[in-house]
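One structure is given below, encoded as structure tokens.
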Amino acid sequence: MSTTQEEFWRWHEYHHIMPNIKPADKDIITAGVDVGSVGSKAAVMVNGQAYSWGITRTGSNSPESAKKALNFALKDTDVDIGNIKYIVGTGYGRVNVPMANKAITEIACHAKGANFIWGPSVRTVLDVGGQDIKAIKIDETGRVVSFLMNDKCAAGTGRGMEVFADLLQVPIEEIGAMSLKVEKEPEPVSCTCVAFAKTEAIGLLRKGWSKEKVLAAYTRAMAVRMANLINRVNLEPELVVTGGQSKNVGIVSRIETILGVKCLPTPNWREGGLDPMAAGAFGAALLAKALYEKEQKIGE
Numbered sequence: 001m002s003t004t005q006e007e008f009w010r011w012h013e014y015h016h017i018m019p020n021i022k023p024a025d026k027d028i029i030t031a032g033v034d035v036g037s038v039g040s041k042a043a044v045m046v047n048g049q050a051y052s053w054g055i056t057r058t059g060s061n062s063p064e065s066a067k068k069a070l071n072f073a074l075k076d077t078d079v080d081i082g083n084i085k086y087i088v089g090t091g092y093g094r095v096n097v098p099m100a101n102k103a104i105t106e107i108a109c110h111a112k113g114a115n116f117i118w119g120p121s122v123r124t125v126l127d128v129g130g131q132d133i134k135a136i137k138i139d140e141t142g143r144v145v146s147f148l149m150n151d152k153c154a155a156g157t158g159r160g161m162e163v164f165a166d167l168l169q170v171p172i173e174e175i176g177a178m179s180l181k182v183e184k185e186p187e188p189v190s191c192t193c194v195a196f197a198k199t200e201a202i203g204l205l206r207k208g209w210s211k212e213k214v215l216a217a218y219t220r221a222m223a224v225r226m227a228n229l230i231n232r233v234n235l236e237p238e239l240v241v242t243g244g245q246s247k248n249v250g251i252v253s254r255i256e257t258i259l260g261v262k263c264l265p266t267p268n269w270r271e272g273g274l275d276p277m278a279a280g281a282f283g284a285a286l287l288a289k290a291l292y293e294k295e296q297k298i299g300e
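In terms of the working numbering, the sequence shown has 26 at position 26, counting the first letter as 1, and numbering is strictly consecutive.
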């Protein structure tokens with residue numbers, strides 16, 4: 001009999017290489033390393049095109065998490081860290097990215113990354129991180145126009161969803177689809193504190209609520225909180241979602257219903273499309289290219 005306890009919160013780490021790009025000596029190779037509170041992401045670009053990226057779990061040590069993410073992104077590529085011209089660190093642990101030439105806020109990097117992934121029509125970006133939520137207004141170039149953040153609480157974020165995955169013993173990557181398997185939307189549960197939400201969920205399960213119904217109530221609560229933040233920043237289509245919860249169809253579809261808009265379609269990251277979870281890293285790598293080119297001009 002196995003004694004191994006399943007970790008329902010644990011999402012899959014992965015990396016991807018774009019097969020059609022072959023780096024050459026004269027190419028401008030840059031990287032972005034986004035050390036978040038839950039996930040660390042790194043992206044490598046060749047002449048401003050996405051070449052490879054890696055998504056890993058953030059550990060207790062930010063510098064080590066940054067190194068792990070970049071090494072993962074470089075795995076099985078034709079590039080090593082010595083070939084990279086410029087690196088930008090971003091995210092929760094951006095000041096602790098030891099190989100970075102510069103640290104830039106994740107707000108600027110997610111704005112640039114969303115513009116890169118979806119194109120110049122994007123105007124509103126909802127970034128759902130491990131411990132906070134950001135609503136960002138951007139222009140056609142990916143420059144930040146304005147933004148708002150929620151309070152520093154894990155409820156309604158990636159970490160809060162991990163807690164629910166373990167509580168209900170549902171793999172975190174299945175929560176979104178499972179939350180939609182209800183005939184009628186239940187009232188939202190508490191979403192201002194993980195501890196309160198967890199207690200309330202346990203009470204509902206004891207009352208006979210199904211796991212699907214509890215998940216629907218919690219994801220609806222998250223969606224309401226996110227929609228309120230978007231409205232406060234003044235929603236302007238087109239809207240996109242970045243960060244780990246961009247993959248949660250239960251949250252994204254409920255946000256669309258509450259706001260009465262459709263998000264731009266999420267790229268098929270499972271088949272090599274650009275991953276919205278790595279938007280901050282893509283944006284950081286693009287900003288790294290601009291900074292490198294600026295340095296070269298100054299040095300001429």
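From the three backbone atoms N, C-alpha and C, an ideal C-beta is built for every residue, glycine too.
Range covered by the alpha helix (DSSP H) that runs through residue i
i: residue 297; result: 279-299
i: residue 74; result: 62-74
i: residue 274; result: Note, residue 274: premise wrong, no alpha helix (DSSP H); not H, not E.
i: residue 264; result: Note, residue 264: premise wrong, no alpha helix (DSSP H); not H, not E.
i: residue 118; result: 106-118
i: residue 180; result: Looking at the DSSP string, residue 180 is not in any alpha helix (DSSP H), and its letter there is neither H nor E.
i: residue 219; result: 211-232
Residue environment, residue i, which counts as buried when at least 16 other CB atoms sit within 10 Å
i: residue 275; result: buried
i: residue 248; result: buried
i: residue 272; result: exposed
i: residue 93; result: buried
i: residue 115; result: buried
i: residue 298; result: exposed
i: residue 121; result: exposed
i: residue 106; result: buried
i: residue 20; result: exposed
i: residue 22; result: exposed
i: residue 262; result: exposed
i: residue 295; result: exposed
i: residue 24; result: exposed
i: residue 195; result: exposed
i: residue 302; result: As shown, the chain starts at 1 and ends at 300. That puts residue 302 outside it, with no answer to give.
C-beta contact flag for residue i and residue j at 7 Å
i: residue 314; j: residue 148; result: Look at the range of the chain in this structure, 1 to 300, and you will see that residue 314 is not part of it.
i: residue 30; j: residue 279; result: no
i: residue 283; j: residue 68; result: no
i: residue 124; j: residue 239; result: yes
i: residue 243; j: residue 129; result: yes
i: residue 145; j: residue 134; result: no
i: residue 46; j: residue 27; result: yes
i: residue 17; j: residue 52; result: yes
i: residue 230; j: residue 126; result: yes
i: residue 246; j: residue 266; result: yes
i: residue 139; j: residue 150; result: no
i: residue 103; j: residue 95; result: yes
i: residue 54; j: residue 42; result: yes
i: residue 264; j: residue 118; result: yes
8 Å contact criterion, which residue i and residue j should meet: CB distance rounded
i: residue 73; j: residue 15; result: 6 Å
i: residue 222; j: residue 202; result: No, residue 222 and residue 202 are not in contact; Cβ-Cβ is about 18 Å, not under 8 Å.
i: residue 82; j: residue 281; result: Actually they do not touch by this definition, with Cβ atoms about 20 Å apart.
i: residue 220; j: residue 173; result: 19 Å between Cβ atoms; not a contact.
i: residue 200; j: residue 189; result: 5 Å
i: residue 56; j: residue 13; result: 5 Å
i: residue 66; j: residue 39; result: No, residue 66 and residue 39 are not in contact; Cβ-Cβ is about 12 Å, not under 8 Å.
i: residue 44; j: residue 79; result: 6 Å
i: residue 86; j: residue 288; result: 4 Å
i: residue 168; j: residue 207; result: No, residue 168 and residue 207 are not in contact; Cβ-Cβ is about 15 Å, not under 8 Å.
Opening and closing residue of the beta strand (DSSP E) in which residue i lies
i: residue 239; result: 239-243
i: residue 144; result: 144-149
i: residue 12; result: Residue 12 -> no beta strand (DSSP E), and no H or E assigned at all.
i: residue 50; result: 49-57
i: residue 45; result: 39-46
i: residue 235; result: From DSSP, residue 235 is part of no beta strand (DSSP E); its letter is neither H nor E.
i: residue 90; result: 86-90
i: residue 135; result: 133-138
i: residue 32; result: 29-35
i: residue 128; result: 124-128
Whether or not the segment 214-230 and the segment 156-175 are in contact is what I'm after, with contact meaning three or more pairs of Cβ atoms, one per stretch, closer than 8 Å; do they touch? yes
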